[in-house]
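S.K.: Sequential numbering of the sequence shown, starting at 117, is according to the numbering used here.
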Amino acid sequence: MGNTLLMVATLIATVTFAAAFTLPGGFNNDLGLKQGVALLESSKHLRWFVFSDAIAMTSSIIAACIIFWGAVSNDESYVYYLASATVLTCIALQSAGIAFLSGIVAVLPDQPFVDSVTYIVGIAFHVINFLFLLQLLRVFLVSEICQFLIFYFWKMKSRINK
Numbered sequence: 117m118g119n120t121l122l123m124v125a126t127l128i129a130t131v132t133f134a135a136a137f138t139l140p141g142g143f144n145n146d147l148g149l150k151q152g153v154a155l156l157e158s159s160k161h162l163r164w165f166v167f168s169d170a171i172a173m174t175s176s177i178i179a180a181c182i183i184f185w186g187a188v189s190n191d192e193s194y195v196y197y198l199a200s201a202t203v204l205t206c207i208a209l210q211s212a213g214i215a216f217l218s219g220i221v222a223v224l225p226d227q228p229f230v231d232s233v234t235y236i237v238g239i240a241f242h243v244i245n246f247l248f249l250l251q252l253l254r255v256f257l258v259s260e261i262c263q264f265l266i267f268y269f270w271k272m273k274s275r276i277n278k
């Protein structure tokens, strides 16, 4: 499971990194002060795209690092590393979905059909992902995960202070 989750987190990081440099709508190629600026810079949907894309990329990179850290540590707490990486990967998936849908709406403004389909697909995607997270919480108790994180940070602090 760890290898598959690492692959998914890495793919999300790769796609969102590439999406950050190929903004929806493109860039201004005219010579002048606005050269290289996004054409849709005033669009609120482009802002949502950039914000959610950044969250997706950051979450997936952190998830990949947690999986590496858990594999290197070789102790019985690998399950908690896997659980926290799974949650971060789900957040990355949610954010990538928001980025995709807001990018479509930014490129095709004032299209009632596009808005309706985007909302329907977005709601369905987020409900399914939320139901998956609920299943994950049934497997791992939240109190156990919090207790593990507190213990881990305390252990890390004691190593730093040495």
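Idealized CB from N, CA, C, for every residue including glycine.
Express the C-alpha separation of residue 135 and residue 125 in angstroms, rounding to a whole number.
M.R.: Taking the straight line joining both Cα atoms gives about 15 Å.
S.K.: Would you be able to state if there are at least three C-beta pairs under 8 Å between the stretch 222 to 238 and the stretch 176 to 190?
M.R.: no
S.K.: With a threshold of 8 Å between beta carbons, is residue 247 in contact with chain D?
M.R.: No chain D is present in this structure, which holds just one protein chain.
S.K.: Rounded to a whole number of angstroms, what is the C-alpha to C-alpha distance between residue 121 and residue 202?
M.R.: In a straight line, the C-alpha of residue 121 is about 7 Å away from that of residue 202.
S.K.: Only counting runs of 4 or more residues, tell me where the alpha helix (DSSP H) segments fall wholly within the stretch 160 to 189, in order along the chain.
M.R.: 160 to 189
S.K.: How many whole angstroms separate the CB atoms of residue 214 and residue 168, which I take to be in contact at a CB cut-off of 8 Å?
M.R.: 4 Å
S.K.: When the Cα of residue 247 is compared with those of 235, 206, 220 and 236, which residue comes out closest?
M.R.: 206
S.K.: Evaluate residue 123 with the Cβ neighbour count: other Cβ atoms within 10 Å of its Cβ, from every protein chain shown; 16 or more gives buried, anything less gives exposed.
M.R.: exposed
S.K.: How far does the alpha helix (DSSP H) with residue 205 in it extend, from its first residue to its last?
M.R.: DSSP places residue 205 in the uninterrupted alpha helix (DSSP H) bounded by 194 to 223.
S.K.: How many angstroms separate the CA atom of residue 132 from the CA atom of residue 212?
M.R.: 7 Å
S.K.: Closest to residue 180 by C-alpha separation, out of 145, 199, 163 and 164, would be which residue?
M.R.: 199
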